[in-house]
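Peer 1: Residue numbers (the working numbering), protein chains in the order written: chain A, 60 to 351; chain B, 60 to 351.
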């Protein structure tokens with residue numbers, strides 16, 4: 060079932076309403092969920108993350124304005140984990156943009172099947188995909204950006220992990236470009252409205268290069284920026300770059316933090332995991348500054 | 060639970076026993092399963108593919124010597140599809156190498172979770188992974204190649220779809236190399252015994268280049284070659300190249316056909332789908348020639 064408004068509009072209205080571009084990444088790790096959260100695997104995961112999300116939605120803005128469940132962390136617990144994913148998606152669908160982080164990509168017909176999994180079975184607002192196999196592997200996903208589906212698709216461009224340098228930074232075109240810039244160009248060229256890019260927080264110079272490339276294309280391309288918090292990137296530096304290139308478009312971007320929020324209680328040494336998570340969300344929003 | 064012998068040994072012994080390097084790709088599409096196969100979604104998928112696999116295993120060799128279920132085609136049917144995957148994997152585990160085609164890849168900790176899904180929950184002998192995110196995204200998978208796990212990991216190198224040319228063929232290193240060759244080099248450099256490569260059947264010149272690169276590395280790197288049959292590649296040409304570079308190592312390679320086998324009955328215009336599939340398998344084995 061498609062969405063009434065475009066994915067970019069959903070991102071924008073939610074950011075303005077919640078006064079935030081913080082995306083909460085949901086990476087369940089049972090060992091990190093306090094023993095006070097009882098029940099079977101499905102219940103413990105669903106309860107833990109619901110507590111944080113509910114408190115965040117109930118708190119006065121700024122709070123969070125997207126959810127990013129990572130399929131890997133649910134699937135590692137088999138059907139019990141996937142049932143928790145289903146419960147969380149059913150509970151928050153329509154309230155916040157839900158980006159199902161799956162990083163899929165296969166030959167055309169197989170990508171078609173993955174698209175049906177993500178937008179049909181899971182009914183996600185948006186997903187992440189990997190570009191290695193090229194245009195015909197991305198198109199089945201990108202087609203869902205058009206009406207009446209109006210979904211979002213974030214293509215991996217420059218990721219936030221150390222290994223990003225292994226292939227994404229390779230010189231291409233006789234040393235005039237780099238692989239991640241070639242991917243960025245194709246995102247701008249191939250993507251309908253609703254197509255976004257995953258660009259890690261760790262290298263703001265490269266982030267700026269990509270942002271200008273998108274800006275010059277004339278398309279509004281929402282960014283999903285992982286790598287702040289636990290991974291070490293700075294939300295304030297990222298926000299500074301986003302604001303510098305195009306402040307009015309910041310409302311369609313999202314800066315993600317996963318375990319930095321979910322397991323903040325461990326770092327804070329405070330058993331009140333909801334309070335620790337809300338404090339971390341508040342800190343991120345403060346670093347990012349006013350969204351308008 | 061790990062495997063007693065190395066993945067390469069499993070590949071080799073199974074190929075010699077079954078006198079075949081044909082891998083049967085399992086891509087369930089309900090509309091293509093005849094109405095005579097009754098039951099719910101799970102039952103129809105499990106019954107249909109079991110009929111073909113059982114007949115193939117019961118037939119005199121050469122037959123098939125690996126299975127490659129593609130996660131996308133099961134996941135598109137939600138939990139019912141995943142239950143069919145579970146049933147098929149439980150039925151054939153230990154009888155044939157099972158390559159779970161998932162094309163995963165994420166930052167280290169998330170790849171760890173995917174590895175637990177694939178080798179723990181699904182208990183696959185081998186999987187496919189995507190290299191875009193670099194070394195630390197591949198390592199959690201590659202670590203499973205070592206004892207006591209002894210699993211296999213095929214890294215996407217040169218895929219069989221038209222879009223392979225979009226990024227994989229980009230000139231790198233001042234025009235001295237190409238992205239897929241850089242990936243091939245890293246597979247040879249990073250991969251423990253059991254690490255393989257996905258190299259499509261459509262361009263035998265490039266296939267040969269990759270094979271020589273692997274041969275010169277001194278490592279035995281099993282190839283998974285998709286793209287014959289429905290996708291148009293030639294099994295005899297691929298086999299010719301494999302034999303030319305290293306005939307004694309052919310037994311660790313696999314040439315895959317999915318819908319070309321499973322839905323051969325539609326092309327043959329014969330409702331006996333098992334016979335049509337066995338005929339297609341026999342034809343492939345004949346084109347490939349003797350395995351020794």
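Cβ coordinates follow ideal geometry from the N, Cα and C atoms, glycine included.
Count the CB pairs spanning the stretch 120-134 of chain B and the stretch 340-351 of chain B that are closer than 8 Å, and state whether there are at least three.
Peer 2: yes
Peer 1: Let me make sure I understand the geometry here. Which of B:321, B:264, B:161 and B:308 has the alpha-carbon closest to that of residue 293 (chain B)?
Peer 2: B:264
Peer 1: If you draw a straight line from the alpha carbon of residue 244 (chain A) to that of residue 303 (chain B), how long is it in whole angstroms?
Peer 2: 40 Å
Peer 1: Rounded to whole angstroms, what's the CA-CA distance from residue 76 (chain A) to residue 168 (chain A)? Just pull it up for me.
Peer 2: 39 Å
Peer 1: Work out the CA separation of residue 85 (chain B) and residue 106 (chain B) for me, nearest whole Å.
Peer 2: 12 Å
Peer 1: Where are the alpha helix (DSSP H) runs, 4 residues long or more, that stay fully inside the stretch 200-251 of chain B, in chain order?
Peer 2: 223-226 and 238-249
Peer 1: For residue 183 (chain B), which residues in the same chain have their Cβ closer than 6 Å to its Cβ, ignoring the five residues on either side in sequence?
Peer 2: Excluding residues within five positions, the ones whose Cβ falls inside 6 Å are 157, 159 and 177.
Peer 1: Listing by chain order, which chain E residues have their CB less than 9 Å from the CB of residue 283 (chain A)?
Peer 2: Chain labels in this structure do not include chain E; the protein chains are A and B.
Peer 1: If you draw a straight line from the alpha carbon of residue 71 (chain A) to that of residue 311 (chain A), how long is it in whole angstroms?
Peer 2: 5 Å
Peer 1: For residue 352 (chain A), tell me which candidate among A:253, A:297, A:214 and A:290 has the shortest Cα-Cα distance.
Peer 2: No information on residue 352 (chain A) is available, as it lies outside the stretch 60 to 351 that chain A covers here.
Peer 1: One question on the structure: do residue 318 (chain A) and residue 88 (chain A) come within less than 9 Å of each other, judged by their Cβ atoms?
Peer 2: yes
Peer 1: Return the residue from the list A:241, A:248, A:242 and A:231 that minimises the CA-CA distance to residue 241 (chain B).
Peer 2: A:231
Peer 1: Counting Cβ pairs closer than 8 Å, one from the stretch 218-236 of chain A and one from the stretch 282-301 of chain A, do we hit at least three?
Peer 2: Touching, per the Cβ criterion.
Peer 1: Mind checking who residue 84 (chain B) pairs with in its DSSP beta bridge?
Peer 2: B:127
Peer 1: Tell me the rounded alpha-carbon separation between residue 213 (chain A) and residue 258 (chain B).
Peer 2: 26 Å
Peer 1: Does the structure place the stretch 221-229 of chain A close enough to the stretch 189-208 of chain B that three or more beta carbon pairs sit under 8 Å?
Peer 2: Cβ pair count under 8 Å is three or more, so yes.
Peer 1: Helix, strand or coil for residue 62 (chain A), going by three-state DSSP, please let me know.
Peer 2: coil
Peer 1: Which residues in the same chain as residue 98 (chain B) place their Cβ atom closer than 7 Å to its Cβ, once the five residues preceding and following it in sequence are excluded?
Peer 2: 106
Peer 1: Does the beta-carbon of residue 331 (chain A) have 16 or more other beta-carbons within 10 angstroms, so that it is buried, or is it exposed?
Peer 2: exposed
Peer 1: List the residues that DSSP assigns as beta-bridge partners of residue 283 (chain A).
Peer 2: A:257 and A:313
Peer 1: List the residues of chain B whose Cβ lies closer than 8 Å to the Cβ of residue 215 (chain A), in chain order.
Peer 2: 191 and 192
Peer 1: Quick check: is the beta carbon of residue 223 (chain B) nearer than 9 Å to any beta carbon in chain A?
Peer 2: Chain A, which has a Cβ nearer than 9 Å to the Cβ of residue 223 (chain B), makes this yes.
Peer 1: Which residues in chain B sit within 8 Å of residue 220 (chain A), going by Cβ to Cβ distance?
Peer 2: 166, 167, 192, 193, 195 and 196
Peer 1: Tell me the residue span of the alpha helix (DSSP H) that contains residue 147 (chain A).
Peer 2: 137-151
Peer 1: Report yes or no: is there a C-beta of chain B within less than 9 Å of the C-beta of residue 184 (chain A)?
Peer 2: no
Peer 1: Check whether the Cβ of residue 290 (chain A) lies closer than 9 Å to any Cβ atom in chain B.
Peer 2: yes
Peer 1: Can you pull the chain A neighbours of residue 135 (chain B), defined as C-beta to C-beta under 9 Å?
Peer 2: Per Cβ cutoff of 9 Å: 171, 172, 173, 174, 175, 176, 179 and 180.
Peer 1: Would you list, in chain order, the members of the stretch 92-122 of chain A that have their beta-carbon closer than 9 Å to a beta-carbon of chain B?
Peer 2: none
Peer 1: Whole angstroms is fine: what's the gap from residue 148 (chain A)'s alpha carbon to residue 181 (chain A)'s?
Peer 2: 7 Å
Peer 1: Helix, strand or coil for residue 78 (chain B) per DSSP?
Peer 2: The three-state secondary structure of residue 78 (chain B), taken from DSSP, is coil.
Peer 1: Are the beta-carbon atoms of residue 272 (chain B) and residue 226 (chain A) separated by less than 9 Å?
Peer 2: no
Peer 1: So, with DSSP's three-state summary, where would you put residue 157 (chain A)?
Peer 2: Here residue 157 (chain A) sits in strand by DSSP.
Peer 1: Find the nearest neighbour of residue 134 (chain A) within the set B:171, B:204, B:113 and B:338, judged by alpha-carbon distance.
Peer 2: B:171
Peer 1: Rank A:137, A:131 and A:111 by C-alpha distance to the C-alpha of residue 101 (chain A) and give the top, closest one.
Peer 2: A:137
Peer 1: Do you know offhand how far residue 350 (chain B)'s Cα is from residue 251 (chain B)'s?
Peer 2: 25 Å
Peer 1: Using the beta-carbon count (16 or more within 10 Å), is residue 321 (chain A) buried or exposed?
Peer 2: buried
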